[in-house]
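This report concerns only the one structure given below.
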Amino acid sequence: MQTLIRATRGRGHAGACAASQHITSIGNARRSRSTLSTIWVPTGGITETGSESGHDKLIRAGFLRPSQAGIFHLLPLGLRVQKKIEKIIDRHMESIGASRLSLSTITSEELWKKSDRLNSVAPELFRLTDRKEVSLMLSPTHEEEITTLVANTVQSYKDLPLRLYQITRKYRDEMRPRQGLLRSREFVMKDLYTFDVSAETAIETYEQVQAAYKAIFDEMKIPILVAEASSGDMGGNHSHEYHLADATGEDTVAHCTSCGYTANDEVAKSRSKSHVVFDTNAPSSYGLWRGITKDRNTLINAWYPQSNGGCLNLHAVKDLVPELDTSVHDPLPLWDIAVDSPDTALVNIVDGRLATSFGKMHPKLSLLPEELRDDFVGPQFSTSTAASGEALNLLALAEGDGCPRCESGTLKVHRALELGHTFYLGTRYSKPLDALVSLPDKPSQPVPIQMGCFGIGVSRIFGAVAESGAEIKGLNWPRAISPYEVAVIPSSAANCETLAFFDSLTRSGTLDAVLDDRKKAFGWKMTDADMTGYPVVVILGKAWRECGVCEVQCRSLELKQEVAAEELPQFLEKLLQKLKANKLCATVNLDTLEPQQLAQVKKQLDEELEHLTSSFAQLHGAQGKFKECMRCVNSRSESPKSKSQIALGHCAERTWRSRASQAAREHALKWMIVRVTDSNEVLVPLTNSLYVRGELTNTETVLVDIGTGFLVEKKLKSAATFYENKIKELTNSLKELEAIVQQKQMNVRTIEEVLRQKMMAQQPSQSQ
Numbered sequence: 115m116q117t118l119i120r121a122t123r124g125r126g127h128a129g130a131c132a133a134s135q136h137i138t139s140i141g142n143a144r145r146s147r148s149t150l151s152t153i154w155v156p157t158g159g160i161t162e163t164g165s166e167s168g169h170d171k172l173i174r175a176g177f178l179r180p181s182q183a184g185i186f187h188l189l190p191l192g193l194r195v196q197k198k199i200e201k202i203i204d205r206h207m208e209s210i211g212a213s214r215l216s217l218s219t220i221t222s223e224e225l226w227k228k229s230d231r232l233n234s235v236a237p238e239l240f241r242l243t244d245r246k247e248v249s250l251m252l253s254p255t256h257e258e259e260i261t262t263l264v265a266n267t268v269q270s271y272k273d274l275p276l277r278l279y280q281i282t283r284k285y286r287d288e289m290r291p292r293q294g295l296l297r298s299r300e301f302v303m304k305d306l307y308t309f310d311v312s313a314e315t316a317i318e319t320y321e322q323v324q325a326a327y328k329a330i331f332d333e334m335k336i337p338i339l340v341a342e343a344s345s346g347d348m349g350g351n352h353s354h355e356y357h358l359a360d361a362t363g364e365d366t367v368a369h370c371t372s373c374g375y376t377a378n379d380e381v382a383k384s385r386s387k388s389h390v391v392f393d394t395n396a397p398s399s400y401g402l403w404r405g406i407t408k409d410r411n412t413l414i415n416a417w418y419p420q421s422n423g424g425c426l427n428l429h430a431v432k433d434l435v436p437e438l439d440t441s442v443h444d445p446l447p448l449w450d451i452a453v454d455s456p457d458t459a460l461v462n463i464v465d466g467r468l469a470t471s472f473g474k475m476h477p478k479l480s481l482l483p484e485e486l487r488d489d490f491v492g493p494q495f496s497t498s499t500a501a502s503g504e505a506l507n508l509l510a511l512a513e514g515d516g517c518p519r520c521e522s523g524t525l526k527v528h529r530a531l532e533l534g535h536t537f538y539l540g541t542r543y544s545k546p547l548d549a550l551v552s553l554p555d556k557p558s559q560p561v562p563i564q565m566g567c568f569g570i571g572v573s574r575i576f577g578a579v580a581e582s583g584a585e586i587k588g589l590n591w592p593r594a595i596s597p598y599e600v601a602v603i604p605s606s607a608a609n610c611e612t613l614a615f616f617d618s619l620t621r622s623g624t625l626d627a628v629l630d631d632r633k634k635a636f637g638w639k640m641t642d643a644d645m646t647g648y649p650v651v652v653i654l655g656k657a658w659r660e661c662g663v664c665e666v667q668c669r670s671l672e673l674k675q676e677v678a679a680e681e682l683p684q685f686l687e688k689l690l691q692k693l694k695a696n697k698l699c700a701t702v703n704l705d706t707l708e709p710q711q712l713a714q715v716k717k718q719l720d721e722e723l724e725h726l727t728s729s730f731a732q733l734h735g736a737q738g739k740f741k742e743c744m745r746c747v748n749s750r751s752e753s754p755k756s757k758s759q760i761a762l763g764h765c766a767e768r769t770w771r772s773r774a775s776q777a778a779r780e781h782a783l784k785w786m787i788v789r790v791t792d793s794n795e796v797l798v799p800l801t802n803s804l805y806v807r808g809e810l811t812n813t814e815t816v817l818v819d820i821g822t823g824f825l826v827e828k829k830l831k832s833a834a835t836f837y838e839n840k841i842k843e844l845t846n847s848l849k850e851l852e853a854i855v856q857q858k859q860m861n862v863r864t865i866e867e868v869l870r871q872k873m874m875a876q877q878p879s880q881s882q
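All you need for this note's numbering is the position in the sequence shown, starting with 1, plus 114.
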């Protein structure tokens with residue numbers, strides 16, 4: 115390459131053109147040159163017109179254009195981003211043995227009636243009829259279609275497991291489409307459907323998909339929060355959401371600073387603050403929310419403490435009353451009609467902190483509006499406990515609430531953007547749609563297939579990354595999904611010499627670069643590059659023309675450096691590797707911040723650093739416990755009759771007969787120490803120091819807590835493999851976390867130095 119550059123520079127313009135043609139015909143025979151003059155990029159103007167969102171910048175930079183409310187056209191740059199996202203997803207889906215297909219966009223309403231899902235989602239459907247008056251719709255998702263396809267094809271357990279996915283357009287008639295690609299009516303989604311013969315293997319599949327999701331978001335450098343979630347209309351009893359914390363998000367996620375517990379606000383719990391005292395002798399201490407069920411036969415009063423500014427958590431009410439109609443904002447007109455029926459019941463749902471005084475306050479509270487009291491003749495009920503028997507907590511989550519999983523942790527509450535969702539469906543769809551398989555022991559009695567469904571919003575990732583990474587100058591793409599990794603911008607009009615240099619730079623085919631050869635001013639092209647958000651920009655200016663020195667800029671790394679042309683390929687390779695390790699994050703120009711703002715940023719970083727350090731310690735502790743589990747399993751495999759002390763972490767013996775109580779046996783399923791005295795006898799812990807004798811009934815298997823609330827029976831070898839993988843995963847996570855902690859510490863030191871300089875600069879002016 116060095117010889118080529120020097121020869122080109124010495125031959126003059128005609129020689130350069132010949133060299134360019136030679137390179138194009140040989141080096142790039144399999145790869146066309148990428149130039150912005152040959153790509154349609156209709157920019158919407160260089161100057162910002164006001165307060166812009168990331169979506170506004172996508173339009174202005176020429177990634178997409180709106181068609182109708184919530185419907186968008188992807189332009190060439192936008193399509194490149196989407197294809198890169200899809201390529202990453204494809205690779206990780208293939209790694210878990212999933213096959214890609216493409217199901218029809220049009221589906222039958224009849225299938226949705228069979229699955230009993232049509233009525234619950236009807237308002238969001240695009241519905242149509244054909245000339246034969248058959249009711250059809252544009253698919254918002256494909257559980258019914260894929261289950262029917264598999265039901266008509268798979269008959270035996272030998273055909274399972276089966277993993278099928280697609281990346282296609284979906285349609286939902288959003289009442290209020292907003293935030294561009296984040297809440298649209300037409301969108302691109304990856305949906306994976308898994309089919310297993312048993313619940314145990316279905317949960318193992320769920321785990322494998324979760325690991326693949328983590329790898330997908332890690333490769334895109336998107337820091338996600340994996341939150342426990344409700345299954346909603348999808349059905350099933352086990353699900354997680356994958357969120358990007360961002361102030362523009364519509365979802366709320368709670369995250370424990372100590373143990374890592376994470377859940378969305380629909381299912382998140384909190385530990386009640388025992389020090390909070392409510393004045394329950396005054397009616398004003400009671401907050402009241404009224405509602406009604408969908409069948410209009412039950413009136414709901416939700417009573418919660420409001421003297422300390424508490425707000426109602428409507429999800430907690432809906433947990434108790436699944437048929438609650440949350441779409442009704444003013445239920446009183448419906449109450450007026452319902453009270454005339456003797457079948458109408460009134461239910462008072464009372465927060466546990468008000469339960470003791472609710473009885474005596476009963477006469478003073480407005481259980482019914484005054485104008486309806488004489489008309490109501492139905493029964494009344496009150497409850498202050500959840501189905502689990504715990505006292506009800508009807509207050510919405512708040513920053514600083516206690517963690518429900520650990521004693522020391524507090525909850526941080528984030529606004530977040532949901533990018534993916536995983537569901538363990540069980541037989542929710544296979545049973546009504548007759549997706550059955552025969553088993554070897556009972557071939558005449560087929561059983562429903564165990565299913566899972568797993569979605570990733572491709573359009574949502576596109577929009578969320580744009581929103582989260584947007585700066586004043588423009589977009590800021592992570593390397594993995596940027597339209598191009600490198601933009602090469604000549605300061606003067608592109609000529610044959612420029613083309614020859616660009617061709618030599620990209621000849622290997624490993625550098626994803628584009629040349630801006632448009633007939634625009636250099637300043638315009640630089641501003642446009644900032645707005646587009648290329649990770650790296652290479653400038654071919656006067657220094658390049660005179661002495662072969664380029665300028666390399668990288669906004670996210672705050673880099674601006676001159677590099678000799680012959681060293682540029684190696685320099686770019688190393689620079690792109692650094693970007694590969696960078697997580698998506700918003701950047702802040704410290705010079706533009708006032709001292710008070712800097713102090714606030716430092717405070718936020720200190721809190722993040724404290725949380726990360728705590729997380730590091732928690733992960734390190736978990737790794738140690740998994741190693742103890744590994745040692746336990748290996749010890750049992752090698753010498754089951756030896757007398758030794760065995761540490762069991764999330765690993766418990768299959769069952770035991772013991773003089774201990776049921777509570778003691780449940781306690782022993784968690785972190786514990788069991789002393790094996792021979793092949794069958796064990797000491798079962800009641801507390802950290804009190805043990806009782808027990809006896810193993812099965813020494814060949816163990817119950818393994820797989821970390822999702824399920825205990826799965828595994829043979830010793832399988833359990834050892836599980837723990838070995840967990841230890842490796844934690845080791846990698848610890849390395850990544852250590853690097854993040856070091857970067858945060860460096861950021862804190864930088865802010866402290868800038869803050870010190872600003873404070874010193876203010877002192878002379880104050881003394882005057």
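We put the CB at the ideal spot given by N, CA and C, even for glycine.
Per DSSP, residue 679 is not a residue of any beta strand (DSSP E), being assigned neither H nor E. Separation of residue 341 and residue 599 (C-alpha to C-alpha, rounded to the nearest whole angstrom) is 32 Å. Taking the CA atoms as reference points, residue 548 sits about 10 Å from residue 228.
Secondary-structure assignment with DSSP links residue 474 through no beta bridge to anything. In its own chain, leaving out the 5 sequence neighbours on each side, no residue places its CB closer than 7 Å to the CB of residue 721.
Annotated three-state conformation of residue 313 is helix, per DSSP. With a cut-off of 8 Å on Cβ pairs, the segment 584-600 is not in contact with the segment 608-616, counting fewer than three such pairs. By a beta-carbon distance limit of 8 Å, residue 418 does not contact residue 339. Their separation comes to about 27 Å. Annotation: the continuous beta strand (DSSP E) that includes residue 406 extends over 400-406.
The beta carbon of residue 744 sits closer than 7 Å to those of 834, 837, 838 and 841, all from its chain and outside the five residues before and after it, given in chain order.
The criterion of a C-beta distance shorter than 9 Å is satisfied by residue 629 and residue 601. When Cβ pairs closer than 8 Å are counted between the two stretches, the segment 294-313 is seen to touch the segment 268-283, the count reaching three or more. A distance below 9 Å separates the beta carbons of residue 577 and residue 294. DSSP places residue 610 in the helix class (H, G or I) of the three-state scheme. If one requires a minimum length of 3 residues, the beta strand (DSSP E) runs lying completely within the segment 572-604 are 600-604, in chain order. Counting along the chain, residue 226 sits inside the alpha helix (DSSP H) bounded by residues 223-228. DSSP places residue 424 in the coil class of the three-state scheme, outside both helix and strand. Apart from the 5 residues on each side of it in sequence, residue 211 sits with its Cβ closer than 7 Å to the Cβ of 277 in its chain, given in chain order. Under the 10 Å beta carbon count, residue 661 is surrounded by fewer than 16 other beta carbons and is classified as exposed. Distance from the Cα of residue 362 is smallest, within the candidate group 314, 532 and 734, for 532. Beta-carbon to beta-carbon, residue 529 and residue 375 are separated by about 18 Å, too far to satisfy the 8 Å threshold.
The segment 429-466 contains, as complete alpha helix (DSSP H) runs of 4+ residues, the segments 446-452 (chain order). Excluding sequence positions up to five before and after residue 291, its CB lies within less than 6 Å of the CB of 183, 184, 297, 298 and 299, all in the same chain and listed in chain order. The shortest CA-to-CA distance from residue 569 to any of 255, 230 and 241 is the one to 255. By the criterion of a C-beta distance shorter than 6 Å, residue 716 is surrounded in its chain by 865, once the five residues flanking it on both sides are discounted. Taking a 10 Å sphere around the C-beta of residue 230, we find fewer than 16 other C-beta atoms and assign the residue as exposed. For residue 415, the enclosing beta strand (DSSP E) begins and ends at 412-419. Counting along the chain, no alpha helix (DSSP H) covers residue 378; the unbroken beta strand (DSSP E) around it starts and ends at 376-378. It is roughly 8 Å from the alpha-carbon of residue 319 to the alpha-carbon of residue 310. Residue 257 has its alpha-carbon roughly 13 Å from the corresponding atom of residue 223.
About 5 Å separates the CB atoms of residue 632 and residue 150; that is less than 8 Å, so the two are in contact. When only Cα atoms are considered, residue 246 and residue 267 end up about 28 Å apart. Within the segment 502-575, complete beta strand (DSSP E) segments of at least 3 residues are found at 525-540 and 564-571, given in chain order. In the DSSP assignment, residue 645 falls within the unbroken alpha helix (DSSP H) covering 636-646. Under the 10 Å beta carbon count, residue 644 is surrounded by 16 or more other beta carbons and is classified as buried. Rounded to whole angstroms, residue 740 and residue 536 show a C-alpha spacing of 25 Å.
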